[in-house]
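Position 250 of the sequence shown, counting from 1, maps to 250 under the UniProt record's numbering, and the rest follow consecutively.
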Amino acid sequence: MLWIFQLLALMKKEFLAIWSDKKSRTIIIIPPLMQLFIFSFAVTLEVKNIDIAVLDRDNSTKSQEIIRNLSYSNSFTNIYQLESQEQLKEYIDTQKAILAISIPQNFAQKIAKNEEVDIQIIGDGRKSNSAQIAQSYIQTAISKVVNSQAINNTIVSRNLYNPNLDNFWWILPNLMGSLSMLVALLLTALSVARERELGTFEQLLVAPLSSTILIIGKTIPPLLISVVEASIIFLVAIIFFKVPFVGSIFILFLGLISFLFSIVGIGLFISSISSTQQQGILGAFVLMVPYILMSGFATPVENMPQWLIPFTDIISLKYFLILLKGVFLKDISFDMAIAQIVPMLVLGFVSLFFASWMFRKKIQ
1 MLWIFQLLAL MKKEFLAIWS DKKSRTIIII PPLMQLFIFS FAVTLEVKNI
51 DIAVLDRDNS TKSQEIIRNL SYSNSFTNIY QLESQEQLKE YIDTQKAILA
101 ISIPQNFAQK IAKNEEVDIQ IIGDGRKSNS AQIAQSYIQT AISKVVNSQA
151 INNTIVSRNL YNPNLDNFWW ILPNLMGSLS MLVALLLTAL SVARERELGT
201 FEQLLVAPLS STILIIGKTI PPLLISVVEA SIIFLVAIIF FKVPFVGSIF
251 ILFLGLISFL FSIVGIGLFI SSISSTQQQG ILGAFVLMVP YILMSGFATP
301 VENMPQWLIP FTDIISLKYF LILLKGVFLK DISFDMAIAQ IVPMLVLGFV
351 SLFFASWMFR KKIQ
């Protein structure tokens, strides 16, 4: 019976230790409540707030009725009416629209005569799940106009950049981004905290090194290790899983370094405010979960409520995933890539500035 009292006493001591530590108390209360609130909106398998494009070559009452049915749906936010096939391709290329519909000439006449006619739906294979679900919404809208018996012969589907909607083609680039982020974040989040635990932090303070040099020295090693880790994932993806890579290696690694640069700054900031490695790990995971879920890793950013979408602009992983799918499945130009790289660099400099500021504050 004595061991029961000893166990209870030890458990009481651990509970008091956790609760008496302000940082531990904050971690177990605030982040779960925040994540519950955010994830309820960010994580959804519904497809809504979709932007689609329509190329109406017929411009008849029937074709306009299809467009009206689409506009009545709560799933579609913007319906862009196009003028050419080249414009249609551009909207898919730049991800301005997840789907495009091409209605041929004489559509209404052929429907009236019960003749065979094709409506082409072109989806963005880089967002395969969302494109498939959105296609079912469009089929429903068309079926209200076209005779239901002919609907299967009327719609012709095609998916750009991932024609077979292969799951590996979109999940492997996503994993390359998230796993390299995990390595960089954990390595840097433990960096300064490890020095404090080992008692070598004081040695760094008395060393003839400026705080800038110390920050750079703490930044480069985890960044290089993460680049190597990402390179291994890249090779596995294209060799073992046969994921096509049609873009530029230069753009890929320029984007990778920019992304990891933004992550190591966040990791160093977490490490600078953590007293122990355990706190560093907890801080990294508290940040990492919303970072992944709000990046468009599993569900499109467009599915989130309008008030939540602006917050995703500070998620560098969102920009990197767009770039990754662009270089893997589509040979994006440097101009298109730089639009994703610049925000990552800006976020990197901002996070590194705050990490340096906190580091200097701790030194003083």
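For every residue, glycine included, the Cβ atom is placed at its ideal position computed from N, Cα and C.
From the options, residue whose alpha carbon lies closest to that of residue i
| i | options | result |
| --- | --- | --- |
| LEU185 | ILE341, LEU345, ILE322, ILE270 | ILE270 |
| SER356 | PHE328, VAL192, MET304, GLY247 | VAL192 |
| ILE249 | ASN59, GLY326, MET181 | GLY326 |
| GLU302 | SER130, THR219, ILE92 | SER130 |
| ARG194 | VAL350, GLU65, GLY296, GLN278 | GLN278 |
| LEU224 | PHE241, ILE111, THR188 | THR188 |
| GLY247 | TRP307, LYS127, MET336, SER63 | MET336 |
| PRO221 | GLY255, VAL183, GLY296 | VAL183 |
| LEU329 | ALA284, VAL286, LYS242 | LYS242 |
| ILE239 | VAL146, GLN306, PHE168, ILE292 | PHE168 |
| LEU352 | ILE338, LYS127, LEU214 | LEU214 |
Per DSSP, the bridge partner or partners of residue i
| i | result |
| --- | --- |
| VAL183 | Answer by DSSP bridge pairing: none, since VAL183 is not bridged. |
| GLY123 | LEU99, ASN159 |
| residue 390 | With the chain represented from 1 up to 364, any question about residue 390 goes unanswered, as that position is not in the structure. |
| ILE50 | PHE76 |
Whole-Å CB distance - residue i paired with residue j, under 8 angstroms assumed
| i | j | result |
| --- | --- | --- |
| LEU55 | ILE103 | 7 angstroms |
| VAL227 | ILE257 | 7 angstroms |
| LEU160 | ASP124 | 6 angstroms |
| ASN106 | PHE297 | In fact, because the Cβ distance is near 44 angstroms, the residues do not count as touching under 8 angstroms. |
Rounded straight-line distance, which links the Cα of residue j to that of residue i
| i | j | result |
| --- | --- | --- |
| residue 386 | SER136 | In the structure as shown, the chain starts at 1 and stops at 364, and residue 386 therefore has no counterpart that could be examined. |
| SER275 | GLY267 | 14 angstroms |
| MET294 | GLY348 | 18 angstroms |
| PHE253 | PHE76 | 35 angstroms |
| PRO310 | TYR72 | 25 angstroms |
| SER262 | SER143 | 47 angstroms |
| TRP170 | PHE259 | 19 angstroms |
| PHE359 | SER272 | 6 angstroms |
| residue 384 | SER316 | The chain is shown only over 1 to 364; residue 384 falls outside these bounds and no answer can be derived. |
| PHE354 | LEU172 | 32 angstroms |
| PHE334 | PRO300 | 24 angstroms |
| ASP93 | VAL156 | 20 angstroms |
| LEU179 | GLU116 | 49 angstroms |
| LEU345 | LEU99 | 30 angstroms |
| ARG158 | GLN132 | 11 angstroms |
| ILE292 | PHE285 | 11 angstroms |
| ALA150 | LYS113 | Per-residue confidence for ALA150 stands at a pLDDT of 47, beneath the threshold of 50, marking its modelled position as unreliable; no derived number is given. |
| MET304 | GLN95 | 17 angstroms |
| ILE216 | PHE245 | 33 angstroms |
| LYS361 | GLN85 | 58 angstroms |
| ASP331 | LYS127 | 16 angstroms |
| VAL350 | ALA134 | 37 angstroms |
| LEU287 | MET181 | 11 angstroms |
| GLN306 | LYS110 | 41 angstroms |
| ILE138 | GLY255 | 35 angstroms |
Own chain residues within Cβ distance below 7 angstroms of residue i, not counting five before or after
| i | result |
| --- | --- |
| ALA97 | ASP51, ILE52, ALA53, TYR80, TYR91 |
| ASN78 | ASP51 |
| LYS176 | Residue 176 is actually Met in this sequence, not Lys. So the list reads ALA230, ILE233, PHE234, ALA237, LEU324, once near-sequence residues are dropped. |
| ALA141 | ILE66, ASN69, LEU70, SER73 |
Residue i CB to nearest heavy atom of the ligand MN below 6 angstroms
| i | result |
| --- | --- |
| PHE259 | This structure simply doesn't include the ligand MN, nor any ligand for that matter. |
Neighbourhood of residue i by C-beta distance below 8 angstroms, restricted to the same chain and skipping five residues each side
| i | result |
| --- | --- |
| ASP313 | PRO343 |
| LEU88 | ALA53, LEU55, LEU82, ALA100, SER102, ILE122 |
| ALA108 | ASP58, SER60, THR61, LYS62, SER63 |
| ASN152 | Confidence is the limiting factor: at ASN152 the pLDDT is only 47, short of 50, which leaves the residue's position unreliable and the question unanswerable from this model. |
| ILE251 | LEU323, VAL327, ILE332, PHE334, ALA337 |
| SER148 | The pLDDT assigned to SER148 is 48, lower than 50, so where the model puts this residue is not dependable, and the model offers no usable value. |
Sequence-distant residues of its chain with Cβ nearer than 6 angstroms to residue i (five each side left out)
| i | result |
| --- | --- |
| VAL289 | none |
| GLN340 | TYR319, ILE322, LEU323 |
| THR219 | VAL264 |
| LEU190 | GLN277, GLY280 |
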